[in-house]
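In what follows, a single structure is set out as structure tokens and then discussed.
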Amino acid sequence: MSILRVVSGALEDGARRESVYGGDLLVFKKVPPMEEFCALTDALIREVFQTGDPVRAQSEFDRDEYLSRVETLQKRFRKDGAARELFLAALGHVGVELGRTFGDWLHLRVSPHGEEHAGRRTAKLGFHRDTWSSNVYAQTNWWAPIYPITAGRTIAFYGEYWDRPLENTSGGWDLEEIRAGRSGAPVVPGPTETVDTASELRPVIEPGDLLCFSGAHLHASVPNSTGVARFSVELRTVDAGDAAAGRGAPNVDGEAPRVAWDWFRHVDDGTLLPAAAGR
Ligand SMILES: [Fe+2]
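In UniProt numbering, the protein residues as written are 1 to 279.
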């Protein structure tokens, strides 16, 4: 079962990683660089949508225009060096040893109200473990909202499946086939049996907070019918020492044929995770 653990200040990095690999959901409260990060991201969102009310901007645009602006926003955000620097500073602030940390890119997710503005870039994520595709059990996810969220527009966790297998399509999901652009290949693996949602937990954290959890947790986007869009950011990290030593969360049901070491690059110098470089 997962435990929501609220932390103010920093956690020693080894202890933090152990906690995450044990299934804890960590909430770091009021992380100073995150406040600046949210302000910077808010300014970018306002600029791209040309709006004074980002979370209700969907009422100002039809679906195609909205999705086109989401695309512009996500591309600009991904290239925004200042946003990345602030987010990494936030990780450092809560105790992450950045010198041994590898990560993917900072992704800005937009989850509008209802279905009218749904598209590839705003799609809800169904039940999944990130490890079904990455196969990296040291993978740790960092997640943060830009604007206030509620239980109706957040991310949901199913702690019961932390140590309980769930039948899924990971065994037939091959990253190399996705890269080769084989038509019909599913974008991500998913469950093939009904998910028991009794253990569902919907953390509601505030802008300025950081949620940290194992990529092995079963999680999903909450369908948003709150009338207000959710803007959130996420980054995946891997500790190089843990990856090399095989430390991480338990694998209870992942069967993907490859390990996606090469999704992760050193957060400062961009070099590949040694496990990938050494292949
Ligand atoms: Fe995920």
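We put the CB at the ideal spot given by N, CA and C, even for glycine.
Query                                                                                                                                                        : Result
With DSSP collapsed to three states, give me the class of E18.                                                                                               : helix
Which word fits D268, buried or exposed, when buried means at least 16 other C-beta atoms lie within 10 angstroms of its C-beta?                             : exposed
With distances taken between CB atoms, is the gap from S225 to G114 smaller than 8 Å?                                                                        : yes
Taking the alpha helix (DSSP H) that Y66 falls in, what are its first and last residues?                                                                     : R63 to R78
What's the call for R279, buried or exposed, on a 16-neighbour Cβ count within 10 Å?                                                                         : Per-residue confidence for R279 stands at a pLDDT of 47, beneath the threshold of 50, marking its modelled position as unreliable; the derived number appears in the next sentence. Exposed, because fewer than 16 other Cβ atoms sit within 10 Å of the Cβ of R279.
Is DSSP giving P274 helix, strand or coil here?                                                                                                              : helix
Is the segment 81-101 touching the segment 4-16, taking contact as three or more C-beta pairs under 8 Å?                                                     : yes
Which same chain residues end up closer than 8 Å to R78 when comparing Cβ atoms and leaving out the 5 residues on each side of it in sequence?               : W105, L106, H107 and L108
Could you work out which residue in A43, V188 and D53 is closest to A82 when comparing CA atoms only?                                                        : A43
Grab the span of the beta strand (DSSP E) containing F87 for me, first residue to last.                                                                      : Counting along the chain, F87 falls outside any beta strand (DSSP E), though it belongs to the alpha helix (DSSP H) covering G81 to H93.
Since S133 is in the alpha helix (DSSP H), which residue starts that stretch and which ends it?                                                              : T131 to S134
Measuring CA to CA, which of A57, H128 and E177 is closest to S214?                                                                                          : H128
How about D104: is its Cβ closer than 7 Å to a heavy atom in ligand 1?                                                                                       : no
What's the call for G99, buried or exposed, on a 16-neighbour Cβ count within 10 Å?                                                                          : exposed
Hey, would you say the C-beta of H107 is under 7 Å away from at least one heavy atom of ligand 1?                                                            : no
In chain order, what residues of the same chain lie with their CB nearer than 6 Å to the CB of S170, ignoring the 5 residues before and after it?            : W132, P189, G254, E255 and A256
Enumerate, from N- to C-terminal direction, the unbroken beta strand (DSSP E) stretches of 3 or more residues contained entirely within the segment 208-269. : 210-214, 219-221 and 230-239
Could you give the DSSP three-state label for R120: helix, strand or coil?                                                                                   : helix
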